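180 is the number that numbering that gives the first Met the number 0 gives to position 181 of the sequence shown; each next residue is one higher, with no gaps.
Even glycine gets a Cβ: it sits at the ideal position worked out from N, Cα and C.
Note that this is a predicted model, so its numbers are computed, not measured.
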Amino acid sequence: MARLGDTVSYYQEPAFEKLLPDPEPMTERPYTLCISLEDMLVHSEWTREHGWRVAKRPGVDYFIRYLSQYYELVLFTSVPYGIAEPLWRKMDPFRFVTWPLFREATKYKDGKIVKDLSYLNRDLSKVIIIDTDPDHVSAQPENAIVLPKWTGDPKDKELVALIPFLEYIHTMQYPDVRVVLKSFEGKKIPEEFARREALARKKFQERLKAEKRQHPHKGQGLFGAVGGAFGLKPSKMSVMQPVDGEESITEALAQGKMLQDIARERGQRQYERLEKMVQENGEQWLKEEAEAQEKAQAEMMASMKTSFTSWFGNSAPAEKKGEKQA
């Protein structure tokens, strides 16, 4: 019975107890964002005329590349490795998604596939998962954003519309993303976030006018108005760190810019620099990666041949010696 239990567990539990390696201190992002594949980033359909066809959602490349500067991106799909890996390699050839996890990393419970984040080897207060199936996130619904399934609409903007909200979380450096997600529970996040941002902007402008009247040369007192207007308390705001060649935070605030405005300007500039690097060096990167893979395969084959030669080389003399004695 114990052996049977182990066998059942093998097919029901993720392949590994730790799905991701320990974070690297030098490259660690403050948050982890898990994204689904099927009916979120792509939509597959079959017709008699064309067979299976896969459509990529509008804005996927921008969504992934833009957020890669803020989040450790993890593809977490319920599709098996053999099917999803070639598709994902084609969609993300430059590896902006740090870790891909496939069906083998999921849990099977009560007849349903579950993406259990407790196996992720990450602090769950810093993890967000975006999916289109509530069952997939049933182990940690407090960490989840559940979107409607994308059915192939070429004019869809819902994925890109999430970026300001996700960027805001990084900007404000909240200690627990679950608290933030809880405050948006039952609401459509892009619309609710836009509503709160409009209110925050109104309060900010009022505070700015009052601040200028009272302290013409100071802007520090404006910080508290931003998070408060969203119904949230900001933590250590990442936007406070100065960037070379840019105006100071105080100067930006005095011009009427909110913290998220500053973050978006910085984020967009960084994205544009990244895109330029891809355009200028992308082909060379892919060529070098292909050469490295070919070299690794050649070395593996050489190692296997050496092992086979060693095995058969050692056994041959013994056999001949035995024949002589006979």
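Span separating the alpha-carbon of Val277 from that of Leu285: Taking the first residue of the sequence shown as position 1, residue 277 is located at position 278. Taking the first residue of the sequence shown as position 1, residue 285 is located at position 286. Their backbone Cα atoms lie some 10 Å apart in a straight line.
Trp149 vs Asp60 beta-carbon contact at 9 Å: One-based indexing of the sequence shown puts residue 149 at position 150. One-based indexing of the sequence shown puts residue 60 at position 61. Not closer than 9 Å, so no.
Backbone CA spacing between Leu198 and Lys89 [nearest angstrom]: For the purposes of this step, residue 198 is identified with residue 199 of the sequence shown, where counting begins at 1. For the purposes of this step, residue 89 is identified with residue 90 of the sequence shown, where counting begins at 1. Leu198 and Lys89: Cα-Cα distance of roughly 42 Å.
C-beta contact flag for Asp91 and Lys114 at 9 Å: Counting from 1 along the sequence shown, the entry for residue 91 is found at position 92. Counting from 1 along the sequence shown, the entry for residue 114 is found at position 115. Against a cut-off of 9 Å, the Cβ pair of Lys114 and Asp91 comes out as no contact.
According to DSSP, residues forming a beta bridge with Asp130: Position 131 of the sequence shown, counting from 1, holds the residue named residue 130. DSSP lists Val145 as partners of Asp130.
Close Cβ partners of Lys125 (< 7 Å) along its chain, the five nearest in sequence each way excluded: The residue given as residue 125 occupies position 126 in the sequence shown. Taken in chain order, the residues that qualify are Pro29, Tyr30, Thr31 and Val176.
Bridge partner(s) assigned by DSSP for Thr97: In the sequence shown, residue 97 corresponds to position 98, counting from 1. Its beta-bridge partners do not exist; DSSP assigns none.
Burial state of Arg121, where buried means 16 or more other Cβ atoms lie within 10 Å: Indexing the sequence shown from 1 puts residue 121 at position 122. Flag for Arg121 reads buried.
For Ile188 and Tyr167, the rounded distance between their alpha carbons: As a first step, residue 167 must be located in the sequence shown, where it is residue number 168. As a first step, residue 188 must be located in the sequence shown, where it is residue number 189. Computed Cα separation, rounded: 12 Å.
Exposure of Gly255, with buried meaning 16 or more beta-carbon neighbours within 10 Å: Locating residue 255 in the sequence shown gives position 256, where the first residue counts as 1. Flag for Gly255 reads exposed.
Gly50 - DSSP class collapsed to helix/strand/coil: For the purposes of this step, residue 50 is taken as residue 51 along the sequence shown, with counting starting at 1. Looking at Gly50 - three-state DSSP - the assignment turns out to be strand.
Residues near Ile128 by beta carbon distance below 6 Å, same chain, minus five either side: Counting from one through the sequence shown, the residue named residue 128 turns up at place 129. Excluding residues within five positions, the ones whose Cβ falls inside 6 Å are Cys33, Val136, Asn142 and Ala143.
Beta-carbon proximity list for Gln219, same chain, < 6 Å, skipping 5 on both sides: In the sequence shown, residue 219 corresponds to position 220, counting from 1. Any reading at Gln219 must be qualified, since the residue scores a pLDDT of 48, below 50, and its modelled position is unreliable; the value itself is stated next. So no residue of the chain qualifies.
Helix, strand or coil at Phe332 according to DSSP, with G and I counted as helix: Any answer about residue 332 is impossible in this case: the structure gives the chain only from 0 up to 325.
One or two residues paired with Ser35 in a DSSP bridge: Looking up residue 35 in the sequence shown gives position 36. Answer is none; Ser35 lacks a bridge partner.
Whether Gly151 touches Ala54 by CB criterion (9 Å): The residue you call residue 151 lines up with position 152 of the sequence shown. The residue you call residue 54 lines up with position 55 of the sequence shown. Yes.
Length of the line joining the Cα atoms of Arg268 and His42: Your numbering for residue 268 matches position 269 in the sequence shown. Your numbering for residue 42 matches position 43 in the sequence shown. Roughly 31 Å between the two C-alpha positions.
Pro99 burial status per 10 Å Cβ neighbour count (16 or more: buried): By 1-based counting over the sequence shown, the position of residue 99 is 100. So Pro99 ends up on the buried side.
Whole-angstrom distance between Trp51 and Glu347, CA atom to CA atom: Any answer about residue 347 is impossible in this case: the structure gives the chain only from 0 up to 325.
Cut-off 7 Å between Cβ atoms - residues of its own chain near Phe93, not counting five sequence neighbours on either side: Position 94 of the sequence shown holds residue 93. The answer, listed in chain order, is Val277, Gly281 and Trp284.
DSSP three-state assignment for Gln219, whether helix, strand or coil: Translated into the one-based positions of the sequence shown, residue 219 becomes position 220. At Gln219, the pLDDT of 48 sits below 50, so the modelled position is not reliable; the number obtained from the coordinates is stated separately. It is helical.
Alpha carbon of Pro174 to alpha carbon of Glu271, nearest angstrom: Working through the sequence shown from its first residue, we reach residue 174 at position 175. Working through the sequence shown from its first residue, we reach residue 271 at position 272. Rounded to whole angstroms, Pro174 to Glu271 spans 29 Å at the Cα level.
Integer Cβ distance of Tyr107 from Gln11, believed to fall under 8 Å: In the sequence shown, the residue the question calls residue 107 occupies position 108. In the sequence shown, the residue the question calls residue 11 occupies position 12. Between Gln11 and Tyr107 the Cβ distance is about 4 Å, and since that is below 8 Å, they are a contact.
Counted within 10 angstroms of its Cβ, other Cβ atoms place Asp109 as buried (16 or more) or exposed: Position 110 of the sequence shown, counting from 1, holds the residue named residue 109. The residue is exposed, with fewer than 16 neighbouring Cβ atoms inside 10 Å.
Contacts around Tyr326, its chain only, beta-carbon distance under 8 Å, and the 5 residues preceding and following it disregarded: Absent from the structure is residue 326, since the part of the chain shown begins at 0 and ends at 325.
Cβ-based burial, Glu279 [other Cβ within 10 Å; buried from 16]: For the purposes of this step, residue 279 is identified with residue 280 of the sequence shown, where counting begins at 1. Flag for Glu279 reads exposed.
Per-residue burial, Val178 [other beta carbons within 10 Å of its own, 16 or more giving buried]: Sequence index remark: in the sequence shown, residue 178 carries index 179 (1-based). Exposed.
Residue environment, Thr249, which counts as buried when at least 16 other CB atoms sit within 10 Å: The count along the sequence shown starts at 1 and reaches residue 249 at position 250. The residue is exposed, with fewer than 16 neighbouring Cβ atoms inside 10 Å.
Reference Leu36; option with closest CA among Arg212, Arg195, Ser77 and Pro85: Position 37 of the sequence shown, counting from 1, holds the residue named residue 36. Here the closest residue by C-alpha is Ser77.
Host alpha helix (DSSP H) of Tyr61 (start-end): Taking the first residue of the sequence shown as position 1, residue 61 is located at position 62. Tyr61 -> alpha helix (DSSP H) spans Val59 to Leu66.
Exposure label - Thr105; buried when at least 16 CB within 10 Å: Counting from one through the sequence shown, the residue named residue 105 turns up at place 106. So Thr105 counts as buried.
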